[in-house]
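In our numbering, the protein residues as written are 53 to 221.
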């Protein structure tokens with residue numbers, strides 16, 4: 053499994069500009085307001101999910117986006133959704149609870165996880181994610197983030213959570 057250092061080296065190797073800020077561990081979206089205030093860009097929440105047919109899903113959204121899991125499954129074409137367990141999370145994304153991040157897709161070498169991206173986050177110029185650990189935050193441009201997704205072969209399914217519909221990528 054790739055580590056924070058491996059991820060940052062990967063970004064460097066592919067000329068994806070990034071800025072990482074170390075901070076105390078942040079486990080929930082409603083924590084770390086002072087950290088977020090000091091970092092420009094869109095801050096995220098990330099949900100690792102499994103559906104009733106054992107398909108894995110990762111949702112990355114703006115921290116303030118409301119996500120109704122009971123209504124989401126027909127929108128994204130999944131079976132009923134529930135949270136994935138920590139063992140499965142570690143096996144596929146190489147992270148632990150509290151550290152879930154779109155950057156974890158670098159560890160999904162078997163491409164088991166389908167990636168859902170919030171429309172509002174997809175439109176942000178600068179996005180912030182944990183770099184495989186919740187003791188830091190890494191900012192990349194939207195173009196850099198899309199390049200990362202392309203390199204790890206994780207095309208996003210873009211969803212407008214307010215309208216509960218899939219958008220064109």
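We put the CB at the ideal spot given by N, CA and C, even for glycine.
All values derive from a computational prediction rather than experimental measurement.
Bridge partner(s) assigned by DSSP for residue i
i           : result
residue 87  : According to DSSP, which records beta bridges pairwise, residue 87 is partnered with nothing at all.
residue 56  : Answer by DSSP bridge pairing: none, since residue 56 is not bridged.
residue 112 : 98 and 169
residue 207 : Residue 207 is not bridged to any residue.
residue 189 : 73
Assigned secondary structure, residue i (DSSP; H/G/I helix, E/B strand, else coil)
i           : result
residue 213 : coil
residue 98  : strand
residue 180 : strand
residue 160 : coil
residue 220 : coil
residue 106 : coil
residue 118 : coil
Element boundaries [alpha helix (DSSP H), containing residue i]
i           : result
residue 171 : 171-174
residue 122 : 121-128
Limits of the unbroken beta strand (DSSP E) element including residue i
i           : result
residue 197 : Counting along the chain, residue 197 falls outside any beta strand (DSSP E), though it belongs to the alpha helix (DSSP H) covering 194-203.
residue 145 : First-last for residue 145: 138-145, but that is the alpha helix (DSSP H), not the beta strand (DSSP E).
residue 70  : 70-74
residue 135 : 133-135
Inter-residue CB distance, residue i and residue j (contact presumed, cutoff 8 Å)
i          : j           : result
residue 56 : residue 185 : 5 Å
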